[in-house]
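Structure record follows, encoded as structure tokens.
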Amino acid sequence: MIKKQEYRQQIVERLGHLRNRKILIYGTGTVARRLVGNLYGFSVIGIVDRLHFGGSIAGVPIILWDEIQPGDVEVVIIAASSQNYEEIYQRIVDKCMLFGINIYGENGQDLITAYGWSSFTVEGARYYRRSETELRQLIAQYDAVSFDLFDTLVMRKTLEPADVFDIVEDRIRRKGILIPRFKVLRREAELQSGSHNIYQIYEIISEFAGLTKAQEKIVLETELACERSVLLPRKKMVELLEYARNLGKRVSIISDMYLGAEILEEFLKELHIEGYDNIYVSCDCGVSKNNGLFERYLRDVDGMVCLHIGDNIISDVKAPMKCGIASYGIKSAFEMIKLSNFRYIMSWAHTCNEKNLLGLIIAELFNNPFALYGTSGIVQINSLEMLGKTFAAPLATIYMLELLAYLRKNPIYKNVVFGARDGFLFQRLYDRIKNEFQETGDLPESVYLLASRKLCIRAALAIGDPVNSLMMYRGTKTPEDVLTDIIGLPKERVTPYDAGKHMDEEEYYAAHLEMITKKSKSVLGRYLEYIKGSRVDMNQKNLFCDFISRGTVQHLLNQIFYEPMDGLYVCRCVVKDLYSINARGVYEDKLERGSILYSKHCFLETIFTSPEASVEDMREGGRPEFAHETRTKEEIRNMCKEQQGIEEFFFDYYKYLWIEGKELKNKLPETLIYMCDQVEYVGECNHVTEIKLYEDLGNTYLETLKI
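Each residue of the sequence shown is one higher than the one before, counting from 2 in the numbering used here.
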């Protein structure tokens, strides 16, 4: 045993160069306690740990990773056995890389130099070879097969298990029960309970928080309801359980869990997971997998050759092997994203809302534990619903939440006007929120307005100076095409442009002014008939919602409407002095269309659109005239599937995972969109890279993805 004075001297020699840096200690075990107690003269701002969320060591507080912001920490020291350095390093490296935090071991080793930033690991390379076929063949060889439960047969839609407690805190707050930092209290109560029984845990919580018996019951029931709402089956593993049962194997579930078998069986029944013979739960049996639960199981399967399947390397792989049970390890979705090319996205999930958003995505991407088989870590998108959920749904989610917050803050609008075609899905989401969620309050009525650029240009030319307005399209089309394609004049009535005859384009348009004005007034009159029939009140203040735009349609509509509309876009491309409109975007592109969102806008516009073709003119009586449909029926059906995935994702998040008042920054959805051409499209998505976007104003087809 090294003497205290000698150890302090070793600390100075190993870590003395970090004395003036802001230090975070990782770990709460023996090594950490010894280190913290001897870091005299060092600036230690806190301790983080995977198990302990609260308390202190030698006066230094144990804090949550979620609470750490850029600039708070300069160095993390991993205070654990050196043989565990790499495992812990891989757990924290992404956030440290994003925040510019150096990582050292307690022995003074510079772990970034030792392990680097590379995402490649031997563990990952091995896991890419694990397949469903391999496991099926293994199951066939054994008499009895047992499955772990959480992260094996079922998983949560949250990024990490304890994130459920953030949701519980919010839901009990809505019921008038305030328990600040409930996640910390809940975790510490679990550790103190010994047997990890949910009822004993809540006795401790009640004592700590000063709850009445009635309040304790409400909080406990709320936790169970939240747990139930975020659970879903890992479908492939459930299929394997059914496969084992159909082969005549004895099938059991073995779980280290604070919820007893009675509660878990209710959950399993709701998820349609049936056909197992027994369920063994640590809190019921009084022992965990590591200290007696497998022995308890073996007494019931005496003489049978057994296989256990689970995700935890210690309790599901090593523990059964010590008891003579063969084991097969799979990965949780949380561990799988770290083995994939999506691992760096985790760096942008800081707040509980961001973590829950990413959790819902990986519940789709990595529900199948064999999703990385043969991929070298490249994520595969194999369904159109998955495509919509992964890339488009987070963007729709942040926009809809921003829209709701904006309307609550600015209760001045008669209507929320969603412009065709990009507003089609957003209106559907908005109307569902308004009709199904009373807590949103009295939201304005929505209107879906047919309002393409081409139609609005034709109508608005009757107002103001049409010749000057047409000069905006100089260089984008020939003057004849401007008059025929954009204005809609008959080709036989348009004089060919002759640079020798006409002084310039302005003179050319002036020569056709009478026809332009007549056409525009006709379109305007019919369009006004349509607008009046659309239920939008042109005399009142309205909010115009658009997708990715410079504001052209809003600018033109504001010339037609008696009261100018304000605008809220998903992304506004800001061009100085282009339009005098009051509009802002959840994202603002001030880089001359150089943002991530704009660079992917062609891909996104094939998803955020309507089943109808673009409107380009108005007939008598305000009846819309649609352009020729350039998409195939299959492309439209595929778009509808993608939108179905978006809608399902949004309401899953909004109803069960979103916490009002907590931050959801726009960086995470933007980073996910960036990844849309960093994946492999397979199955029903193998056509995605071939889709083109038809740009009706320019009569051109644009590439959507570059892979």
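Heads up, the beta-carbon is just placed ideally off N, CA and C, and yes, glycines get one too.
On a CA-only basis, which of the options is nearest residue i? Give me that one, please.
i, options, result
"Asp-50", "Val-77, Gly-389 and Glu-240", "Val-77"
"Ala-80", "Tyr-528, Asn-198, Gly-109 and Val-483", "Gly-109"
"Ile-180", "Asp-152, Glu-217 and Asp-164", "Glu-217"
"Lys-718", "Tyr-449, Thr-701 and Phe-166", "Because the chain in this structure spans residues 2 to 708, residue 718 falls outside the shown range and cannot be described."
"Glu-648", "Ser-328, Leu-388, Ser-256 and Arg-527", "Leu-388"
"Tyr-86", "Tyr-27, Gly-42, Gln-142 and Leu-52", "Tyr-27"
"Arg-130", "Lys-577, Leu-544, Gly-330 and Ala-190", "Gly-330"
"Leu-1", "Thr-441, Met-516, His-273 and Pro-162", "The shown model of the chain, from 2 to 708, leaves out residue 1, and the question about it has no answer."
"Thr-352", "Ile-315, Leu-669 and Glu-617", "Leu-669"
"Gln-91", "Leu-598, Val-123 and Lys-435", "Val-123"
"Thr-553", "Tyr-128, Asn-247, Gly-211 and Ile-458", "Ile-458"
"Ser-550", "Ser-316, Asp-590, Glu-507 and Gly-125", "Asp-590"
"Pro-480", "Asp-466, Asp-499 and Asn-247", "Asp-499"
"Cys-574", "Asp-111, Tyr-588 and Phe-438", "Tyr-588"
"Leu-404", "Cys-572, Val-94, Tyr-509 and Gly-177", "Cys-572"
"Thr-672", "Leu-359, Glu-170 and Phe-335", "Leu-359"
"Ala-1", "Ile-487, Ile-206, Glu-228 and Leu-579", "Residue coverage of the chain in this structure runs from 2 to 708, which leaves residue 1 outside it and unanswerable."
Buried or exposed, going by whether 16 or more other CB atoms sit within 10 Å of the CB of residue i?
i, result
"Val-683", "exposed"
"Gln-547", "In the sequence as displayed, the identity of residue 547 is Asp instead of Gln. Flag for Asp-547 reads buried."
"Gly-586", "buried"
"Val-74", "buried"
"Met-337", "buried"
"Gln-84", "exposed"
"Val-537", "buried"
"Tyr-298", "buried"
"Ala-709", "Residue 709 lies beyond the residue range present for the chain, which begins at 2 and ends at 708; the question has no answer from this structure."
"Asp-505", "exposed"
"Val-576", "exposed"
"Glu-224", "buried"
"Tyr-563", "exposed"
"Leu-260", "buried"
"Thr-29", "buried"
"His-556", "buried"
"Lys-236", "exposed"
Using beta-carbon positions only, say whether residue i and residue j come within less than 9 Å of one another.
i, j, result
"Phe-627", "Ala-614", "yes"
"Pro-676", "Ser-348", "This sequence places Met at residue 676; Pro is not what is there. No, these two residues do not count as a Cβ contact at 9 Å."
"Ser-384", "Phe-367", "no"
"Ala-710", "Phe-650", "Past the boundaries of the shown model lies residue 710; the chain is included only from 2 to 708, so the question cannot be answered."
"Leu-558", "Tyr-407", "no"
"Val-155", "Phe-268", "yes"
"Ile-710", "Tyr-528", "Because the chain in this structure spans residues 2 to 708, residue 710 falls outside the shown range and cannot be described."
"Arg-187", "Phe-166", "yes"
"Gly-476", "Leu-450", "no"
"Ile-310", "Tyr-277", "no"
"Ile-173", "Val-220", "yes"
"Ser-1", "Arg-454", "Because residue 1 is not part of the residues shown, which for the chain are 2 to 708, the question remains open."
"Ile-692", "Glu-636", "yes"
"Ile-140", "Tyr-244", "yes"
"Glu-133", "Tyr-374", "yes"
"Asn-279", "Asp-312", "no"
"Leu-484", "Val-495", "yes"
"Ile-46", "Phe-392", "no"
"Tyr-414", "Asn-543", "yes"
"Asp-164", "Arg-157", "yes"
Have a look at the DSSP bridge pairing and note the partners of residue i.
i, result
"Ser-57", "Pro-62"
"Phe-419", "Tyr-449 and Cys-546"
"Ala-584", "Gly-568"
"Ile-78", "Ile-26 and Tyr-105"
"Arg-1", "There is simply no residue 1 to check, as the chain begins at 2 and stops at 708 in what is shown."
"Asp-156", "Position check: residue 156 holds Met in this sequence, whereas Asp was assumed. Its beta-bridge partners are Leu-233."
"Leu-308", "Val-146 and Ala-327"
"Ser-44", "Lys-23"
"Asn-279", "Ser-253"
"Thr-701", "Glu-696"
"Gln-381", "Glu-681"
- Message: Three or more C-beta pairs under 8 Å: does that hold for the segment 103-113 against the segment 11-27?
- Response: Between the segment 103-113 and the segment 11-27, the count of Cβ pairs shorter than 8 Å is three or higher; the stretches touch.
- Is the segment 421-431 touching the segment 641-658, taking contact as three or more C-beta pairs under 8 Å? Under the three-pair Cβ rule at 8 Å, the segment 421-431 counts as touching the segment 641-658.
- Query: Taking contact to mean at least 3 C-beta pairs separated by less than 8 Å, is the segment 193-210 in contact with the segment 281-290?
  - Reply: As far as the Cβ criterion goes, the segment 193-210 touches the segment 281-290, which means the pair count is three or higher.
- Message: Would the segment 369-383 count as touching the segment 397-416 if we require 3 or more Cβ pairs under 8 Å?
- Response: No: fewer than three Cβ pairs fall under 8 Å.
- Item | Three-pair Cβ contact test at 8 Å for the segment 514-533 versus the segment 459-467 | Yes, the segment 514-533 is in contact with the segment 459-467.
- Query: Quick check: the segment 61-75 against the segment 4-12, are there 3 or more CB pairs under 8 Å?
  - Reply: No: the two stretches stay apart, fewer than three of their Cβ pairs being nearer than 8 Å.
- Item | Cβ pair count under 8 Å reaching 3, the segment 305-323 against the segment 141-161 | At 8 Å Cβ cutoff, the stretches touch.
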